[in-house]
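**Student:**
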Amino acid sequence: MSTAEPVLIVGAGPVGMTGALLLARHGVPSLVVDAQAGRELLGSRAICVQRDTLDVLHRVGAGREVVDLGATWYSGRIYYREHEVFSMTLPEPAPGHFPPFVNTPQNSVERVLEARVLAEPLIDLHYRTRATAISQDDTGVTLELDGPDGPWTARGTHCVAADGSRSTIRKLLGLTFNGHSFNDKFLITDVRAAFDSPVPERRFYFDPEWNPGRQVLIHPQPDSVWRIDWQVPEEYDLEAEQASGALETRIRKVLGDLDYELVWASLYRFHQRRVPTMRVGRVVLAGDSAHIMSPFGARGMNSGLADVENAAWKIAAIRGGWGGPALLDTYDPERGPATDENLRVTSTTMRFLCPADDEEWARRREILERSVTDPGTAATIDSGKLAEPFWYLDSALTTAADDEEIAAFPREAGVPRPPLPGVLCPDVAFPDGTRLRDHLGPRCTVLIAPDADLAAFAPQLPATPMDAPGEVTTVVPLPPSAVEALRLAPGGAALVRPDGHLAAVLSGENLAEELTAALRRALGWVLIPAEPVAS
Numbered sequence: 057m058s059t060a061e062p063v064l065i066v067g068a069g070p071v072g073m074t075g076a077l078l079l080a081r082h083g084v085p086s087l088v089v090d091a092q093a094g095r096e097l098l099g100s101r102a103i104c105v106q107r108d109t110l111d112v113l114h115r116v117g118a119g120r121e122v123v124d125l126g127a128t129w130y131s132g133r134i135y136y137r138e139h140e141v142f143s144m145t146l147p148e149p150a151p152g153h154f155p156p157f158v159n160t161p162q163n164s165v166e167r168v169l170e171a172r173v174l175a176e177p178l179i180d181l182h183y184r185t186r187a188t189a190i191s192q193d194d195t196g197v198t199l200e201l202d203g204p205d206g207p208w209t210a211r212g213t214h215c216v217a218a219d220g221s222r223s224t225i226r227k228l229l230g231l232t233f234n235g236h237s238f239n240d241k242f243l244i245t246d247v248r249a250a251f252d253s254p255v256p257e258r259r260f261y262f263d264p265e266w267n268p269g270r271q272v273l274i275h276p277q278p279d280s281v282w283r284i285d286w287q288v289p290e291e292y293d294l295e296a297e298q299a300s301g302a303l304e305t306r307i308r309k310v311l312g313d314l315d316y317e318l319v320w321a322s323l324y325r326f327h328q329r330r331v332p333t334m335r336v337g338r339v340v341l342a343g344d345s346a347h348i349m350s351p352f353g354a355r356g357m358n359s360g361l362a363d364v365e366n367a368a369w370k371i372a373a374i375r376g377g378w379g380g381p382a383l384l385d386t387y388d389p390e391r392g393p394a395t396d397e398n399l400r401v402t403s404t405t406m407r408f409l410c411p412a413d414d415e416e417w418a419r420r421r422e423i424l425e426r427s428v429t430d431p432g433t434a435a436t437i438d439s440g441k442l443a444e445p446f447w448y449l450d451s452a453l454t455t456a457a458d459d460e461e462i463a464a465f466p467r468e469a470g471v472p473r474p475p476l477p478g479v480l481c482p483d484v485a486f487p488d489g490t491r492l493r494d495h496l497g498p499r500c501t502v503l504i505a506p507d508a509d510l511a512a513f514a515p516q517l518p519a520t521p522m523d524a525p526g527e528v529t530t531v532v533p534l535p536p537s538a539v540e541a542l543r544l545a546p547g548g549a550a551l552v553r554p555d556g557h558l559a560a561v562l563s564g565e566n567l568a569e570e571l572t573a574a575l576r577r578a579l580g581w582v583l584i585p586a587e588p589v590a591s
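So this is what it looks like as structure tokens:
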């Protein structure tokens, strides 16, 4: 395999551009193509960026800017008719850490990423370039492309399909996109107004008098812009409502007499769909090309960026020789269950928002009515379980915890996860003002307790044209607070993957041997089949 050949990326949205930047972090070139003429400048689209996703963006130099361009919120309220029935407050971060959520419109995120893509010599970006055919063999992938200067051909070692819900690559591969669509539509508007809110907060209204029988979600954005989402019936016609002045009336029912500017309005139908597999040979599908789900809980773009980070480090490891040649086999077994979990959670939310039958309507009505007087019932209202990272407890790359710990692992949405192998590594403040995740490198990281003995540790990986073994890992001594957060035994250590997930939590009884075995597993070397795999 020629490491001079790029990775081919189809789609220059947040997922595709982040993938290219992550690959460049590993020294891997990429060719990015997009059928659009350039950035889509209007509309908030995906807006909620979750804390762990901000860390992904931080690894490509964009996390702080995305926060600075957005509106950070910590408060959420739920209303039933005229009653406020539930409120929550998210914890504020420690100094130097990212907030739980920041609302940065997708066009702003893309603008930040595009500036870095255009400044990166390892990335070659082409707009107005459409994929028309794809083929692959044992050594790479070939794309037939149609651009401004006519047809041309591109060759790469792998391909990342990040070309959205109408993915051309998915269709060219012959993959189905099974699932279902919801009858009701959602009117999404961006409105600039001096809204009556002392702090930026998320507000969810069930059955308000200005949208009876349905719901409205209001989200803060920067520059005094608020996103207002109305659930509307299937026959709703946006153009007719704009022409008749009824849209003005609709907005006035929320804003009253406030001066406002309608920045953007669009109509969406929400879907729950996924591909049967997220990898076909040397082609991986990430983000909306692989799965689409309702936006309540902000699990769309956030999961797409987790997809592409998972794919990027594995492709880089295979190309660099420090990952086993079958490492990419673990992409679908890891990100497929993550997709299923997100679809499960968002489907449950949509059944509450859009009941499918009389029984579901009755259950929803009972919960909402009881919530007026019963705080316990109010806490069960499902307006969207907020995005969170998935766990890889059962991955072939994970040195598993014991059976009892795995059996007790909490899998319901929104519950704190114990630091078992497979979970995203916790973040902890260090005494020098940095945080644990600041010390995670582009390869694997060994986190050691103060009394750990690494004198005999040297990674024993198969002989390949790889970098020096010592460059595969970075060793980071931990302060007591981090040892406690990771629940390390005296003299113990933890191995962290390039995407920040714990690969192993080790006792330290025979640390050098434990670490070598865990590293081999985490980098896919235990996956090598009896016959050599072409690389």
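Under our numbering, residues 57 to 591 are what the sequence shown spells out, in order. Just so you know, even glycine gets a beta-carbon here, dropped at the ideal spot from N, CA and C. Source: prediction; values computed, not measured.
Trp378 by DSSP, collapsed to three states: which one?
**Tutor:** Three-state result, Trp378: coil.
**Student:** Which class does Asn267 belong to by DSSP, given the choice of helix, strand or coil?
**Tutor:** Here Asn267 sits in coil by DSSP.
**Student:** With Val88 and Gly72 assumed to form a contact (beta carbons below 8 angstroms), what rounded beta-carbon distance in angstroms separates them?
**Tutor:** Indeed they touch by this definition, with Cβ atoms about 6 angstroms apart.
**Student:** Would you kindly work out how many angstroms separate the C-alpha atoms of Trp129 and Asp293, rounded to a whole number?
**Tutor:** Roughly 32 angstroms separates the two Cα atoms.
**Student:** Is DSSP giving Gly119 helix, strand or coil here?
**Tutor:** Helix, per DSSP.
**Student:** Exposed or buried, which one is Thr74 when buried takes at least 16 other CB atoms within 10 Å?
**Tutor:** The residue in question, Thr74, is buried, as its Cβ has 16 or more Cβ neighbours within 10 Å.
**Student:** From which residue to which residue does the beta strand (DSSP E) around Met144 run?
**Tutor:** Looking at the DSSP string, the run of the beta strand (DSSP E) that includes Met144 is 139-145.
**Student:** Determine whether the beta carbon atoms of Leu579 and Leu383 lie at a separation below 8 angstroms.
**Tutor:** Yes, Cβ-Cβ distance for Leu579 and Leu383 is below 8 angstroms.
**Student:** So, at 7 angstroms on beta carbons, what are the nonlocal neighbours of Ala76 in its own chain, with the 5 sequence-adjacent residues on each side left out?
**Tutor:** Hits under 7 angstroms: Ile65, Ser86, Val88, Val173, Ile179.
**Student:** Can you list, in chain order, the residues of its chain with a C-beta nearer than 8 angstroms to that of Pro268? Leave out the 5 residues immediately preceding and following it.
**Tutor:** Closer than 8 angstroms at the Cβ level, and outside the excluded window around Pro268, lies no residue.
**Student:** Closest by CA to Gln162, which one among Asp240, His182, Arg222, Ala354?
**Tutor:** Out of Asp240, His182, Arg222, Ala354, Ala354 has the C-alpha closest to the C-alpha of Gln162.
**Student:** Give the range of the beta strand (DSSP E) segment to which Leu229 is assigned.
**Tutor:** Where Leu229 is concerned, there is no enclosing beta strand (DSSP E), given that its DSSP letter is neither H nor E.
**Student:** Pick helix, strand or coil for Thr529, following the three-state DSSP scheme.
**Tutor:** Three-state result, Thr529: strand.
**Student:** Hey, out of Pro506, Tyr135, Arg329, Glu295, whose CA is closest to Met236's CA?
**Tutor:** Reading the sequence as shown, one finds His at residue 236 and not Met. Of the candidates Pro506, Tyr135, Arg329, Glu295, the one whose C-alpha sits nearest the C-alpha of His236 is Arg329.
**Student:** Per DSSP, which residues does Trp282 bridge with? Please list them.
**Tutor:** BP columns for Trp282 point to Val247, Pro276.
**Student:** Report, in whole angstroms, the separation of the C-beta atoms of Lys241 and Val288, which I expect to be a contact under 8 angstroms.
**Tutor:** So it is a contact: roughly 5 angstroms between Cβ atoms.
**Student:** CA-CA distance, Pro466 and Phe446?
**Tutor:** Computed Cα separation, rounded: 12 angstroms.
**Student:** In the DSSP assignment, the beta strand (DSSP E) including Ser322 goes from what residue to what residue?
**Tutor:** Segment 316-330, the beta strand (DSSP E) holding Ser322.
**Student:** Around the Cβ of Gln271, are there at least 16 other Cβ atoms within 10 angstroms (buried) or fewer (exposed)?
**Tutor:** Gln271 should be labelled buried.
**Student:** My output table needs one value for Asp388: the three-state DSSP class, helix, strand or coil.
**Tutor:** Note: Asp388 maps to helix in three-state DSSP.
**Student:** Just to confirm before moving on: does the CB-CB distance between Tyr316 and Val255 stay below 8 angstroms?
**Tutor:** It is not a contact, given that the beta carbons lie outside the stated cut-off.
**Student:** Report yes if the C-beta distance between Ile225 and Val339 is below 8 angstroms; otherwise report no.
**Tutor:** Yes, the Cβ-Cβ distance between Ile225 and Val339 is below 8 angstroms.
**Student:** Return the CA-CA distance between Pro506 and Ala538, expressed in angstroms with no decimal places.
**Tutor:** Each residue's Cα considered, the two are about 11 angstroms apart.
**Student:** For Glu176, is the classification buried or exposed, using 16 other Cβ atoms within 10 angstroms of its Cβ as the cut-off for buried?
**Tutor:** So Glu176 counts as buried.
**Student:** Might you give, ordered along the chain, the residues of its own chain that have their beta carbon closer than 7 angstroms to the beta carbon of Tyr324, omitting 5 neighbours on each side?
**Tutor:** Same-chain partners within the cutoff: Lys241, Phe242, Ile244.
**Student:** Is the beta carbon of Val197 closer than 8 angstroms to that of His214?
**Tutor:** A contact, by the Cβ cut-off of 8 angstroms.
**Student:** Taking 8 angstroms as the CB-CB cut-off, is Ala574 touching chain C?
**Tutor:** In the structure shown, chain C cannot be found, because there is only a single protein chain.
**Student:** With DSSP as the reference, label Arg258 as helix, strand or coil.
**Tutor:** If DSSP states are grouped into helix, strand and coil, Arg258 belongs with the strands.
**Student:** Rounded to a whole number of angstroms, what is the C-alpha to C-alpha distance between Thr209 and Leu199?
**Tutor:** C-alpha separation (whole angstroms): 6 angstroms.
**Student:** Starting from Gly432, follow the alpha helix (DSSP H) in both directions and report where the run begins and ends.
**Tutor:** It spans 431-434 - the alpha helix (DSSP H) in which Gly432 sits, taken as one unbroken run.
**Student:** To the nearest angstrom, how far is it from the Cα of Glu291 to the Cα of Glu297?
**Tutor:** So the alpha carbons of these two residues sit roughly 12 angstroms apart.
**Student:** Alpha carbon to alpha carbon, how far is Asn566 from Val582? Give it in angstroms, no decimals.
**Tutor:** About 20 angstroms.
**Student:** Using the Cβ count rule (16 or more neighbours within 10 Å means buried), how would you classify Trp266?
**Tutor:** Label assigned to Trp266: exposed.
**Student:** Which same chain residues end up closer than 7 angstroms to Ser403 when comparing Cβ atoms and leaving out the 5 residues on each side of it in sequence?
**Tutor:** Excluding residues within five positions, the ones whose Cβ falls inside 7 angstroms are Gln328.
**Student:** Between Val216 and Val364, how many whole angstroms is the CB-CB distance? I'm expecting something under 8 angstroms.
**Tutor:** Indeed, because the Cβ distance is near 7 angstroms, the residues count as touching under 8 angstroms.
**Student:** Just the C-alpha distance for Asp193 and Ala91, rounded to the nearest angstrom, thanks.
**Tutor:** In a straight line, the C-alpha of Asp193 is about 25 angstroms away from that of Ala91.
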